[in-house]
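Engineer:
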Amino acid sequence: MNKNISIITLQGPQIVPFLKHLYSLRIEVLQEFPYLYAGNEDYEIQYSKHFSHSENSILVIARDNHVNKIIGAATAIPLEEADDEVRRPFLQKGYNLEDVFFYRESVILHGFRGKGLGKLFFVEREKAALKQNPKLKYITFWTVERTADHPARPRNYKSLSNLWHKQGFQEFSQLRTQFSWPEVDKQNNALNTMVFWIKNLH
Ligand SMILES: CC(C)(COP(=O)(O)OP(=O)(O)OC[C@H]1O[C@@H](n2cnc3c(N)ncnc32)[C@H](O)[C@@H]1OP(=O)(O)O)[C@@H](O)C(=O)NCCC(=O)NCCS
Numbered sequence: 001m002n003k004n005i006s007i008i009t010l011q012g013p014q015i016v017p018f019l020k021h022l023y024s025l026r027i028e029v030l031q032e033f034p035y036l037y038a039g040n041e042d043y044e045i046q047y048s049k050h051f052s053h054s055e056n057s058i059l060v061i062a063r064d065n066h067v068n069k070i071i072g073a074a075t076a077i078p079l080e081e082a083d084d085e086v087r088r089p090f091l092q093k094g095y096n097l098e099d100v101f102f103y104r105e106s107v108i109l110h111g112f113r114g115k116g117l118g119k120l121f122f123v124e125r126e127k128a129a130l131k132q133n134p135k136l137k138y139i140t141f142w143t144v145e146r147t148a149d150h151p152a153r154p155r156n157y158k159s160l161s162n163l164w165h166k167q168g169f170q171e172f173s174q175l176r177t178q179f180s181w182p183e184v185d186k187q188n189n190a191l192n193t194m195v196f197w198i199k200n201l202h
């Protein structure tokens, strides 16, 4: 990896000074397909209300020291502290919430992708989650479901499934929920179907 890039893992109140950077990375990166997020800071503050106040939130940041800029971030939180929409399908399927950690997002600016940072974000979050809870059994994250013929799908779009499989995750298509966010070219917040992926740690 580029020697100018440092990776810093933060937890709980340590994340607070970096929230603005996280918000702007999310707004910039997640506007792309498949999230099509028409982000704004009000939505960010609302979306992060549990994350920003939790003692157990994990934020991994990548900083380009050459230009002193945060160029990527990834987040995680115990499932127990995640939003209702995230917890609900796990409760319905009989999981103990304390066995599970939820990865919210990974966002890396163009120009810094494809250099191994995304994989490192998985490694760093897993290390931090296990340090917090050595008995952890599962890690999960969600992805938005988009139809194959979605009009905004770029012709050369490559799914990230390979990356996720290589990190030890499997798609659990029966674990799904709905979540809304402001979407590019839509008047109101769009309700989207989210599908969960799980890594079994045992
Ligand atoms: C997902 C993301 C964080 C990956 O980060 P990254 O630093 O590029 O990932 P890495 O360099 O560690 O690459 C890991 C593997 O994924 C592949 N990969 C990376 N980005 C990819 C993409 N956009 N599409 C398909 N495959 C991709 C790489 O080729 C690599 O494969 P390999 O192990 O066979 O070499 C980054 O692409 C990103 O910010 N994407 C936009 C936001 C997003 O969709 N986030 C995920 C959901 S929140």
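According to this note's numbering, numbering within the sequence shown proceeds without interruption in unit steps and concludes at 202. Heads up, the beta-carbon is just placed ideally off N, CA and C, and yes, glycines get one too. Note that the coordinates shown come from a computational prediction; the quantities given were computed from them, not determined experimentally.
Between which two residues does the beta strand (DSSP E) containing Gln92 stretch?
Structural biologist: Counting along the chain, Gln92 falls outside any beta strand (DSSP E), though it belongs to the alpha helix (DSSP H) covering 84–92.
Engineer: Could you give the uninterrupted runs of the beta strand (DSSP E) lying entirely in the region 53–118, keeping only those of 3 residues or more?
Structural biologist: Runs of the beta strand (DSSP E) inside the region 53–118: 58–64, 69–78, 100–108.
Engineer: Count the other CB atoms, across all protein chains shown, that sit within 10 Å of the CB of Arg155; report buried if there are 16 or more and exposed otherwise.
Structural biologist: Exposed, because fewer than 16 other Cβ atoms sit within 10 Å of the Cβ of Arg155.
Engineer: Assuming Phe33 contacts Arg176 under a Cβ cut-off of 8 Å, what Cβ separation, rounded to an integer in Å, is found between them?
Structural biologist: Wrong, their Cβ atoms sit about 20 Å apart, outside the cutoff.
Engineer: For Gln187, which of helix, strand or coil comes out of DSSP?
Structural biologist: Coil, per DSSP.
Engineer: The beta strand (DSSP E) with Val144 in it runs from where to where?
Structural biologist: That run of the beta strand (DSSP E) goes 138–144.
Engineer: Look at Phe112 and Asn133 and say whether their C-beta atoms are less than 9 Å apart.
Structural biologist: Not closer than 9 Å, so no.
Engineer: Rounded to the nearest angstrom, what separates Pro17 and Ser52 at their Cα positions?
Structural biologist: Cα to Cα, the separation comes out at about 10 Å.
Engineer: With distances taken Cα to Cα, identify the nearest neighbour of Ala148 among Asn200, His21, Ser159, Phe141.
Structural biologist: The residue with the shortest Cα to Cα distance from Ala148 is Ser159.
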